[in-house]
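Down below is the structure, laid out as structure tokens.
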Amino acid sequence: MSYVSLTLAPREVILARGRFHWTYSFVSWAWLLLAGWLLIGIAVFFSRQMRKWTTELVVTNRRFIYKRGFISRRTDEFNAARIHAITLEQSLLGRVLGYGTLNVRGVDIGDFGLPAIAKPIEFRKALIESLDVSIEEPLLLTEENRLAPVAAT
């Protein structure tokens with residue numbers, strides 16, 4: 020079971036999943052085929068594929084999650100309302116083949132770049148949609164945080 024599936028809150032819904040583009044695997048296989056007879060080709064192949072297999076990029080209706088790592092795990096999770104800017108970088112080849120890199124900047128999260136992903140414009144739209152959903156979502160009152168009625172004087 021994925022990390023994101025284990026950490027979803029009640030009423031939290033996945034809006035989009037980021038995936039590595041097929042060119043990422045193509046480069047990994049090229050390393051293996053061209054330099055596989057050297058140990059460096061095998062090492063590059065497995066390190067790249069391990070990164071692909073252990074990375075999760077997910078946008079939910081409440082937050083953005085960027086998880087990477089297998090043995091040691093690192094996650095960046097934050098409310099979409101903390102995002103100030105999303106920058107898309109696509110080369111000519113990236114536009115033709117449908118991949119690109121997103122850079123996210125926000126309050127208390129700093130700047131960080133995501134790996135090259137397939138359909139980056141759709142992922143960016145999901146990030147923007149999650150921002151709209153998180154702002155419009157009403158505060159759910161429970162018995163613990165419900166305000167007591169004010170007595171009339």
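With the working numbering as the guide, the letters of the sequence shown map in order to residues 20 to 172. Here a beta-carbon is modelled for each residue, glycine too, at the ideal position from N, C-alpha and C.
Span of the beta strand (DSSP E) holding residue i?
i	result
L107	102–108
F97	93–98
G132	129–132
Rounded to a whole number of angstroms, what is the C-alpha to C-alpha distance between residue i and residue j?
i	j	result
T74	D127	22 Å
E31	L51	40 Å
F97	W56	43 Å
I102	N122	11 Å
D95	T79	13 Å
A104	R124	5 Å
Looking only at its own chain, which residues have a Cβ that is under 8 Å from the Cβ of residue i, when we skip the five neighbours before and after it?
i	result
K71	F39, Y43, S44, S47
If you measure from the beta carbon of residue i to each beta carbon in chain D, is any gap under 7 Å?
i	result
L58	Chain labels in this structure do not include chain D; a single protein chain is all it has.
By Cβ distance, which residues of its chain are closer than 7 Å to residue i, with the 5 residues on each side in sequence left out?
i	result
I147	none
Alpha helix (DSSP H) containing residue i: first to last residue?
i	result
R70	58–72
V23	22–26
V46	41–54
Exercise for review: Please determine if the segment 57–65 and the segment 97–114 are in contact, where contact requires at least 3 C-beta pairs separated by less than 8 Å.
Suggested key: The segment 57–65, when compared against the segment 97–114, does not touch it at the 8 Å Cβ threshold.
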